[in-house]
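Asks: Numbering follows the numbering used here, in which position 157 of the sequence shown is assigned residue number 160; successive positions increment by one, without gaps.
Quick one: structure below, then a few questions.
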Amino acid sequence: METDRAEDGLEQTLRRDLAAGRLATTGRLPSERRMVEIYSTTRITLREALLHMEIDGLIFRENRRGWYATGPRMVYNPLQRSNFHVMAADQGRRAETELIEALSAPAPATVCRLMECPDGTEFWRVRRRRRIDGRLVLFVEHYLSKAVFPDILEFDLNRSLTGIYLEHYGIDYGSAYFEITPIALRGLPAAELRCADGAYGLKITRINHDQRGRIIDCDLEYWRHDAISVRIEATD
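Below, the structure is given as structure tokens:
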């Protein structure tokens, strides 16, 4: 009970100091060793308090770099088909995309089923990291139809795929299928986002059709949970 009260007291103090701008004056929190000294606490009690704040999306941790205060969440509306960079710019944010790999590879069985093709079908697999205002927030794995985009690896894949589709193939998006799932980030997504294995995340699976109804690609998006807010406005 004493430990619980100590954790509660420390956590409330940390939350107040964060809100007042005293804890992360440059966006980065002091080292854990320094916070133990500042708040006259133990490393175990401090980490429990920081974990609770991380779950609530107030702070985040990058491996080997430390703790940071989170910025505003990116508003994500699945009904709007604007690309990542346009979506960020419309919200006054700065977006960056970094290509990790682009090659031919068989899609996972779950993706093949969603794309209505036999297991083991080969696609162009494109993996990219994305940042908002300099912070890594998204790892995305694209599976692109080789029949629809036979030479797409020749283009600059740090750019928006939406733009490449339209400019070079005359393809625009039609209908889409979305699935949004809370997950624990593990393996490659966790490593690429520089977060602890098992960190909270959000997975968005999207199957895209073109204007003629053909299935053209599948996106598997792995977001840091504190970086995104999914909002949908439905009208009659």
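From the three backbone atoms N, C-alpha and C, an ideal C-beta is built for every residue, glycine too.
Keep in mind the model is a prediction, meaning the values are calculated, not measured.
For the putative contact between Val78 and Arg234, defined by C-beta atoms under 8 Å, what is the C-beta separation to the nearest angstrom?
Replies: 5 Å
Asks: Is it buried or exposed for Glu195, if we count other Cβ within 10 angstroms and need 16 for buried?
Replies: The residue in question, Glu195, is buried, as its Cβ has 16 or more Cβ neighbours within 10 Å.
Asks: Under DSSP, the beta strand (DSSP E) around Pro192 begins and ends at which residues?
Replies: Not the beta strand (DSSP E): Pro192 falls in the alpha helix (DSSP H), residues Leu191 to Glu195.
Asks: Based on the DSSP secondary-structure assignment, which residues constitute the bridge partners of Tyr180?
Replies: Ile210
Asks: Answer yes or no: do Pro111 and Thr124 have a C-beta to C-beta separation smaller than 8 Å?
Replies: no
Asks: Could you pull out every residue in the same chain whose Cβ sits closer than 6 Å to the Cβ of Arg64, ignoring the five residues on either side in sequence?
Replies: Trp70
Asks: Around the C-beta of Ser43, are 16 or more other C-beta atoms found within 10 angstroms, so that it is buried, or is it exposed?
Replies: It counts as exposed.
Asks: Measure the alpha-carbon distance for Ala23 versus Phe181 and round it to whole angstroms.
Replies: 38 Å
Asks: Distance, Cα to Cα, Gly30 vs Glu40?
Replies: 20 Å
Asks: Taking only three categories from DSSP, how would you classify Met118?
Replies: coil
Asks: Cutting at 8 Å between CB atoms, please list the residues of its own chain near Pro121, excluding the five before and the five after it.
Replies: Closer than 8 Å at the Cβ level, and outside the excluded window around Pro121, lie Cys115.
Asks: Tell me, please, which residues DSSP counts as bridged to Phe3.
Replies: Since the first residue of the chain shown is 4 and the last is 239, residue 3 is not available in this structure.
Asks: Buried or exposed: where does Gly204 fall if 16 or more other Cβ atoms within 10 Å of its Cβ makes it buried?
Replies: buried
Asks: Once you ignore the five residues that flank Glu57 on each side, which residues in its own chain have a CB closer than 7 Å to its CB?
Replies: Phe63 and Arg64
Asks: Can you give me the C-alpha to C-alpha distance between Arg19 and Leu54, rounded to a whole angstrom?
Replies: 16 Å
Asks: Quick one: residues in its chain with C-beta nearer than 7 Å to the C-beta of Ile155, no 5 flanking neighbours on either side, listed in chain order?
Replies: Trp127, Leu147 and Ile167
Asks: The beta strand (DSSP E) that contains Thr44, what's its start and end?
Replies: Looking at the DSSP string, Thr44 is not in any beta strand (DSSP E), and its letter there is neither H nor E.
Asks: Pop quiz: Arg131 and Thr100 are said to be a contact at Cβ under 8 Å. What is the actual Cβ separation, rounded to whole angstroms?
Replies: 6 Å
Asks: Tell me, to the nearest whole angstrom, how far the beta carbon of Arg97 is from that of Asp136; I am working on the premise that it is less than 8 Å.
Replies: At roughly 5 Å, the Cβ-Cβ gap stays under 8 Å, so Arg97 and Asp136 are in contact.
Asks: Ordered along the chain, which non-local residues of its own chain (more than five positions away) have a Cβ less than 7 Å from that of Met4?
Replies: No answer about Met4 holds up, because its pLDDT of 35 lies below 50 and its placement is not dependable.
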